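Note that the UniProt record's numbering has the sequence shown beginning at 1, numbered continuously upward. The C-beta atom is built at its ideal place from N, Cα and C for all residues, glycine as well. Remember, it's a predicted structure, so these values are computed and weren't measured experimentally. Remarks on the structure that follows.
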Amino acid sequence: MTSFSRADISWRNSSTPVSTDYDDVYFSADDGAAESHFVFLQNNYLTERFSTLLTAAPRAAESFVIAETGFGTGLNFLQAATLWRQFANADDQLVFISCELHPLQKDDLIQALSAWSGFADVREALIRDYPPLIQGMHTLELFDNVRLILLFNDVIDGFSALLENDHRIIQRQPESAVNAWFLDGFAPSKNPDMWTDRLFNLMARLSNRDTTYASFTAAGIVRRGLKSAGFTVNKVKGFGKKREMIRGGYAGFPEVFDHTHPVTRNSPNKPFWPIYRPSLPSPPRTALVVGAGIAGCTTAKALSEAGIATTLIDTADAPMMAASGNPQGVLFPKLSHRAELLSEFNLFSLLYADRYYQQPAMRAGYYRTGMLQLIDNPSEQHTLLHQRFSAVDIAHRVSAKDASDIAGTRLNHEAIWYPQTGWVRQNRLREAFTQHSDIEFRRNETLNNAQKQADGRWQITTSNAVFQVDLVVLCTASATNTLLSNIPDSEALPTKPIRGQVSEFDSTGLPALKTVICHKGYICPSAPDEPDVYTCGASYELKNTDLNLNDAIHSQNLQNLADYLPDFSTEKTGNNTIRGRVGFRCTTPDYLPMVGPLFNVTGFDRTFSLLGKNARSHIPLPGSYHDGLFVNIGHGSRGFGSAPISAALITAYALSRPLPIPFPMAAALNPARFVIRDITRNRR
Numbered sequence: 001m002t003s004f005s006r007a008d009i010s011w012r013n014s015s016t017p018v019s020t021d022y023d024d025v026y027f028s029a030d031d032g033a034a035e036s037h038f039v040f041l042q043n044n045y046l047t048e049r050f051s052t053l054l055t056a057a058p059r060a061a062e063s064f065v066i067a068e069t070g071f072g073t074g075l076n077f078l079q080a081a082t083l084w085r086q087f088a089n090a091d092d093q094l095v096f097i098s099c100e101l102h103p104l105q106k107d108d109l110i111q112a113l114s115a116w117s118g119f120a121d122v123r124e125a126l127i128r129d130y131p132p133l134i135q136g137m138h139t140l141e142l143f144d145n146v147r148l149i150l151l152f153n154d155v156i157d158g159f160s161a162l163l164e165n166d167h168r169i170i171q172r173q174p175e176s177a178v179n180a181w182f183l184d185g186f187a188p189s190k191n192p193d194m195w196t197d198r199l200f201n202l203m204a205r206l207s208n209r210d211t212t213y214a215s216f217t218a219a220g221i222v223r224r225g226l227k228s229a230g231f232t233v234n235k236v237k238g239f240g241k242k243r244e245m246i247r248g249g250y251a252g253f254p255e256v257f258d259h260t261h262p263v264t265r266n267s268p269n270k271p272f273w274p275i276y277r278p279s280l281p282s283p284p285r286t287a288l289v290v291g292a293g294i295a296g297c298t299t300a301k302a303l304s305e306a307g308i309a310t311t312l313i314d315t316a317d318a319p320m321m322a323a324s325g326n327p328q329g330v331l332f333p334k335l336s337h338r339a340e341l342l343s344e345f346n347l348f349s350l351l352y353a354d355r356y357y358q359q360p361a362m363r364a365g366y367y368r369t370g371m372l373q374l375i376d377n378p379s380e381q382h383t384l385l386h387q388r389f390s391a392v393d394i395a396h397r398v399s400a401k402d403a404s405d406i407a408g409t410r411l412n413h414e415a416i417w418y419p420q421t422g423w424v425r426q427n428r429l430r431e432a433f434t435q436h437s438d439i440e441f442r443r444n445e446t447l448n449n450a451q452k453q454a455d456g457r458w459q460i461t462t463s464n465a466v467f468q469v470d471l472v473v474l475c476t477a478s479a480t481n482t483l484l485s486n487i488p489d490s491e492a493l494p495t496k497p498i499r500g501q502v503s504e505f506d507s508t509g510l511p512a513l514k515t516v517i518c519h520k521g522y523i524c525p526s527a528p529d530e531p532d533v534y535t536c537g538a539s540y541e542l543k544n545t546d547l548n549l550n551d552a553i554h555s556q557n558l559q560n561l562a563d564y565l566p567d568f569s570t571e572k573t574g575n576n577t578i579r580g581r582v583g584f585r586c587t588t589p590d591y592l593p594m595v596g597p598l599f600n601v602t603g604f605d606r607t608f609s610l611l612g613k614n615a616r617s618h619i620p621l622p623g624s625y626h627d628g629l630f631v632n633i634g635h636g637s638r639g640f641g642s643a644p645i646s647a648a649l650i651t652a653y654a655l656s657r658p659l660p661i662p663f664p665m666a667a668a669l670n671p672a673r674f675v676i677r678d679i680t681r682n683r684r
């Protein structure tokens, strides 16, 4: 099996890319765009299917999912996205999922797409957000109603990341099924590793009875594989001089769970408990987001952009007044030299957030200055981190001299330089969220009670109003457990508050910083609207619930700064503190946030109790959850980085759309993970 690597290409006439590894062209030199449209759009009937969505009666938002086996230059995506934008309603979403084992470098992509002037808007959006060539999933929100999920991997590992479970007793994936397959890629004779029965069986798992496919190749191995996986196969005239191509649909197996299938102790499987099966009769049209910190604001924005009428409430006078209220927030990427889950989530969050805050509506609040993480004790781990990420411009190990040049001040430590990050200005972000026309913000609202109604909706009683909504999202940090005490079959979540105090001081006479610098704390460059003020911090205090500013903590913040930045001695900063702020981070035992549906305690205890006797027990049942009730909490000190992708995840759950992160990562964020942990450890 060929391993992941960037594409090695040559050019014919400077406009036609050719893979040197596979000795094959990416598209026809005659008329690649016309061939792409004929094979994949026309033979999947996309014009008719998209126009049907446009003319449908008023309804909840829908999604259309296209999956592709070879992204290549992105030409098929440009075609499909352009057609979608001509026909689709604003609230409907195209989700285009494409695998690519050998992605093009950005310069090659630009050259390959330069000839296609008819797709200018989509082409420019793709080039703008094209991700670094890091193996794995990349989710790009190119437009409000177009999501591109790039799977930089082989087709087996790539599409397997979309599966809720890989155990053989689940026959197929009933939720978020693919509507149309583009079977593209190099010819089977040149790339036999891709065109296998494993691919066709994965396709079946991700399809339903309305799924279609089209392929440029009519090779026998492809026809036989598709038939054996449950697809119909029809030969039709190919494009131009090509004699044949194939198209068809899924006509396979309706079973989802086969409980009679024998399993053995060592049967491969992922856990079943993270599987969320909402029983709501229709997609939600109304939502209430409780808590207007960065998690709540991003969630409200994501839901409203999906066509859900969203109300955002908070106990404060304005959004982002609690832990998210610090004047400057850092997108801090805590990465590892190994592919560990926490590090992978942090990387995914960083890349997604970096694109998110560069959107036109958010751009005024984001300063992409990069970040230096100073190194106390240089080790092989820092070298390995550099080796893993420097080639894709994510993280570089730099000398103290180079770090000083980057920072604009003397530094005596080596550092890891993260160029694709920066800091956010809280007051600018607040303006962006509050000016969002589709979000109703209700201030000074305290949630008193939440009740599930007979019709499946939620009745939420607050201090000033009663809401009837389809969907509730609790973004209430450490206050969540107080709210859960009023909801039957729920229990307290394992969170803890950690006090943090930031200090602001006069920057007169101090070096003008050019980037964020992290050490035991952090310091940001001055904000343009307050050029004479520096913000540093933040303290990390367990078991301290004092809301009042503490002069001793101010002194400690400034001393930490002086220990790492020689030009910021306490003699220069100690008498210049002008103000500060106290907030409380909400953290979890494993440092991952809790994002997903709220579990039903009784249902989980009853269904998964056998895990207490044998942690490897096979219990092929989905989790038991409160329909329409979600939590999005526990982001700790990295909320500005992790909140945007978490909001997208909540929205995908709510609308039964493909998840924007790999399913194993979503399972690791699921709040029920701690229930399963306690059951397996006999703590319940």
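Residue i - DSSP class collapsed to helix/strand/coil
i: residue 524; result: coil
i: residue 19; result: strand
i: residue 480; result: helix
i: residue 382; result: helix
i: residue 203; result: helix
i: residue 458; result: strand
i: residue 682; result: coil
i: residue 102; result: coil
i: residue 250; result: strand
i: residue 627; result: strand
i: residue 636; result: helix
i: residue 536; result: strand
i: residue 293; result: coil
i: residue 320; result: coil
i: residue 571; result: helix
i: residue 413; result: coil
i: residue 451; result: strand
i: residue 344; result: helix
i: residue 676; result: helix
i: residue 588; result: coil
i: residue 431; result: helix
i: residue 10; result: strand
Distance, residue j Cα to residue i Cα
i: residue 470; j: residue 487; result: 16 Å
i: residue 147; j: residue 91; result: 12 Å
i: residue 82; j: residue 301; result: 24 Å
i: residue 371; j: residue 598; result: 35 Å
i: residue 745; j: residue 554; result: Any answer about residue 745 is impossible in this case: the structure gives the chain only from 1 up to 684.
i: residue 536; j: residue 413; result: 18 Å
i: residue 647; j: residue 551; result: 37 Å
i: residue 456; j: residue 432; result: 33 Å
i: residue 449; j: residue 483; result: 8 Å
i: residue 696; j: residue 331; result: Not covered by the structure: residue 696. The range shown for the chain is 1 to 684.
i: residue 558; j: residue 294; result: 27 Å
Residue i - partner residues in DSSP beta bridges
i: residue 579; result: 504
i: residue 362; result: Note: residue 362 sits in no beta bridge, so no partner.
i: residue 652; result: Beta-bridge pairing links residue 652 to no other residue.
i: residue 418; result: 371
i: residue 396; result: 417
i: residue 286; result: 309
i: residue 594; result: 633
i: residue 62; result: Residue 62 is not bridged to any residue.
Residue i at chain B interface by Cβ criterion, 9 Å
i: residue 77; result: The structure shown contains no chain B; it is built from a single protein chain.
Sufficient close CB pairs (3 or more, under 8 Å) joining the segment 543-556 to the segment 457-466
As far as the Cβ criterion goes, the segment 543-556 does not touch the segment 457-466, which means the pair count is below three.
Does the contact criterion of 3 or more C-beta pairs under 8 Å hold for the segment 469-486 versus the segment 304-324?
Yes: at least three Cβ pairs fall under 8 Å.
Complete runs of the alpha helix (DSSP H) confined to the UniProt domain "MnmC-like methyltransferase" (119-248) [at least 4 residues]
Within the UniProt domain "MnmC-like methyltransferase" (119-248), the complete alpha helix (DSSP H) segments at least 4 residues long are 120-129, 155-160, 197-205, 220-228, listed from N- to C-terminus.
Taking 8 Å as the threshold, find out whether the segment 630-644 comes into contact with the segment 487-506 through three or more Cβ pairs.
Taking 8 Å as the limit for Cβ pairs, the verdict is that the segment 487-506 does touch the segment 630-644.
Is the number of C-beta pairs between the segment 652-667 and the segment 131-141 that are closer than 8 Å three or more?
With the rule of 3 Cβ pairs closer than 8 Å, the segment 652-667 counts as touching the segment 131-141.
Does the structure place the segment 558-569 close enough to the segment 422-436 that three or more beta carbon pairs sit under 8 Å?
In the pairwise beta carbon analysis, the segment 422-436 is classified as not touching the segment 558-569: fewer than three pairs are separated by under 8 Å.
Contact between the segment 579-598 and the segment 667-676 is defined here as three or more beta-carbon pairs at a separation below 8 Å; is this criterion met?
Cβ pair count under 8 Å is three or more, so yes.
Counting pairs of beta carbons, one from the segment 637-653 and one from the segment 347-359, are three or more of them closer than 8 Å?
The answer is yes - the segment 347-359 touches the segment 637-653, with three or more Cβ pairs under 8 Å.
Is it the case that the segment 7-22 contacts the segment 148-158, given that we only count it when at least three CB pairs across the two stretches are under 8 Å?
No contact exists between the segment 148-158 and the segment 7-22.
At least three beta-carbon pairs within less than 8 Å, the segment 67-75 to the segment 185-205
Flag = yes, the segment 67-75 and the segment 185-205 touch.
On the three-pair Cβ rule with 8 Å, is the segment 220-239 touching the segment 190-202?
At 8 Å Cβ cutoff, the stretches touch.
Closer than 8 Å is the cut-off here; do at least three beta carbon pairs connect the segment 381-390 with the segment 330-346?
Taking 8 Å as the limit for Cβ pairs, the verdict is that the segment 330-346 does touch the segment 381-390.
Three or more C-beta pairs closer than 8 Å, one from the segment 294-313 and one from the segment 609-626: is that the case here?
In the pairwise beta carbon analysis, the segment 294-313 is classified as not touching the segment 609-626: fewer than three pairs are separated by under 8 Å.
Could you say if the segment 72-86 and the segment 109-123 meet the contact criterion of at least three C-beta pairs nearer than 8 Å?
With a cut-off of 8 Å, the segment 109-123 and the segment 72-86 count as touching, because enough Cβ pairs lie within range.
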